[in-house]
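Peer 1: Next up is a structure, given as structure tokens.
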Amino acid sequence: MTLNIDLDDLEFEDAIELKQRHISVEQMRTFEGYMAEIFEALGMNSHTPGTEDTPKRFLKAMLDATEGYDGDPNLIKVFPSEHPNGSKSHLSQVIEGPIHFFSLCEHHAFPFFGQAYVGYIANEHILGLSKLTRLVRVFAKRFSVQERITQQIASSLEAILQPQGVAVYLEANHLCMAMRGVRESSAITRTTAWRGEYEVSAELRSEFFATTNLRP
Ligand SMILES: Nc1nc2c(ncn2[C@@H]2O[C@H](COP(=O)(O)OP(=O)(O)OP(=O)(O)O)[C@@H](O)[C@H]2O)c(=O)[nH]1
Ligand SMILES: [Zn+2]
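Its first residue numbered 1, the sequence shown is counted upward by one per residue in the UniProt record's numbering.
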């Protein structure tokens with residue numbers, strides 16, 4: 001797809017973002033037209049000063065909310081552990097959280113959002129703590145389901161670090177259940193993924209929840 005950048009029409013940063021997402025300016029204009037038609041049909045007067053740019057703003061917001069598709073977890077840098085060849089008798093956990101995340105449910109394209117807690121037991125490598133947050137966001141900022149994000153975080157951390165174990169816990173509110181459908185606004189969806197030592201040790205799982213002040 002070619003990018004024919006019209007700077008009168010588009011800010012420079014937007015053009016770069018579109019290029020990264022393989023979306024052309026022409027496509028964006030077409031999408032804006034579709035969105036204007038949909039918003040009008042739903043009842044919006046799209047000719048007021050407040051709403052005339054709403055289709056464009058909405059599309060930009062959707063680009064932002066789905067920028068996880070651009071992320072590559074394999075680029076995350078690791079460091080050698082201070083205790084190489086991590087001994088099984090030293091199953092000390094690194095636990096990060098709450099890591100706030102926002103995602104879009106792939107069934108309704110409505111947001112779901114909440115907090116993730118990620119733990120691991122190092123082997124030969126560790127990573128910078130901020131990378132755990134980056135990892136969560138790479139998988140959350142897509143159209144997805146909570147179960148998949150949970151498993152993807154666990155799998156990619158396993159692949160990056162080859163640790164002795166990985167624990168992932170997510171809790172979220174799903175607007176598709178709160179704003180529509182069953183209209184259950186207080187229910188929280190909880191998902192877990194356990195890998196390695198966490199799979200076999202109830203004690204490690206309890207320690208993970210105790211450290212994060214969560215109830216198992
Ligand atoms: N497993 C799972 N389901 C989800 C997630 N987010 C939304 N859903 C569910 O996806 C389902 C889609 O079901 P459908 O019956 O096809 O859609 P629907 O008629 O809009 O369903 P209702 O929400 O029950 O009105 C719903 O039950 C949602 O609650 C998620 O992260 N994981
Ligand atoms: Zn949904």
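For each residue, glycine too, the CB sits at the ideal point set by N, CA and C.
Values in this document were obtained by computation on a predicted structure and should not be read as measured data.
Just curious, the beta strand (DSSP E) that T189 is in, first and last residue?
Peer 2: Counted from its first residue, the sequence shown places residue 189 at position 189. First-last of the beta strand (DSSP E) with T189: T189 to G196.
Peer 1: Going by DSSP, what residue range makes up the alpha helix (DSSP H) through E171?
Peer 2: Here residue 171 is taken as the residue at index 171 of the sequence shown, counted from 1. First-last for E171: G165 to H174, but that is the beta strand (DSSP E), not the alpha helix (DSSP H).
Peer 1: Given A193, which residues of its chain have a CB within under 6 Å of its CB, disregarding the five upstream and five downstream residues?
Peer 2: Here the question's residue 193 lines up with position 193 in the sequence shown. Cβ neighbours of A193 beyond the five flanking positions: T150, Q151, A154 and V168.
Peer 1: Are the C-beta of I16 and some C-beta of chain B separated by less than 8 Å?
Peer 2: You won't find chain B in this structure, because it holds only one protein chain.
Peer 1: Just reading off the beta strand (DSSP E) that L135 is part of, what are its end residues?
Peer 2: Here residue 135 is taken as the residue at index 135 of the sequence shown, counted from 1. Taken as a continuous stretch (DSSP letters only), L135 belongs to no beta strand (DSSP E), being part of the alpha helix (DSSP H) at S130 to A140.
Peer 1: Going along the chain, which residues of its own chain have a beta-carbon closer than 7 Å to the beta-carbon of G71, five neighbours each way excluded?
Peer 2: Translated into the one-based positions of the sequence shown, residue 71 becomes position 71. Taken in chain order, the residues that qualify are V138.
Peer 1: Can you tell me which residues fall inside 5 Å of ligand 2, judged by beta-carbon distance to its nearest heavy atom, and keep chain order?
Peer 2: Residues flagged by the Cβ proximity filter: C105, H107, H108 and C176.
Peer 1: Put L91 into one of helix, strand or coil per three-state DSSP.
Peer 2: Taking the sequence shown and counting its residues from 1, one reaches residue 91 at position 91. In the structure shown, L91 sits in coil (DSSP, three-state: anything other than H, G, I, E or B).
Peer 1: Which stretch, first to last residue, makes up the alpha helix (DSSP H) that contains I160?
Peer 2: Position 160 of the sequence shown, counted from the first residue, corresponds to residue 160. Q146 to L161 is the span of the alpha helix (DSSP H), which, as asked, contains I160.
Peer 1: Does DSSP put E96 in a helix, in a strand, or in coil?
Peer 2: Position 96 of the sequence shown holds residue 96. In this structure, E96 counts as strand in the three-state DSSP scheme.
Peer 1: For P80 and E171, I'd like the C-alpha separation in whole angstroms.
Peer 2: For the purposes of this step, residue 80 is taken as residue 80 along the sequence shown, with counting starting at 1. For the purposes of this step, residue 171 is taken as residue 171 along the sequence shown, with counting starting at 1. C-alpha separation (whole angstroms): 31 Å.
Peer 1: Looking at C-alpha atoms only, which residue of P55, T133 and V25 is the closest neighbour of S156?
Peer 2: Residue 156 sits at position 156 when you count from the first residue of the sequence shown. Selected option, being the one with the closest Cα: T133.
Peer 1: Would you mind stating whether E158 and R195 have Cβ atoms separated by less than 8 Å?
Peer 2: If you number the sequence shown from 1, residue 158 lands on position 158. If you number the sequence shown from 1, residue 195 lands on position 195. The answer is yes: Cβ separation under 8 Å.
Peer 1: Could you say which of G33, I95 and E203 lies nearest to L127 if we only look at CA atoms?
Peer 2: On the sequence shown, position 127 is the one that residue 127 refers to. Comparing Cα positions, the closest option is I95.
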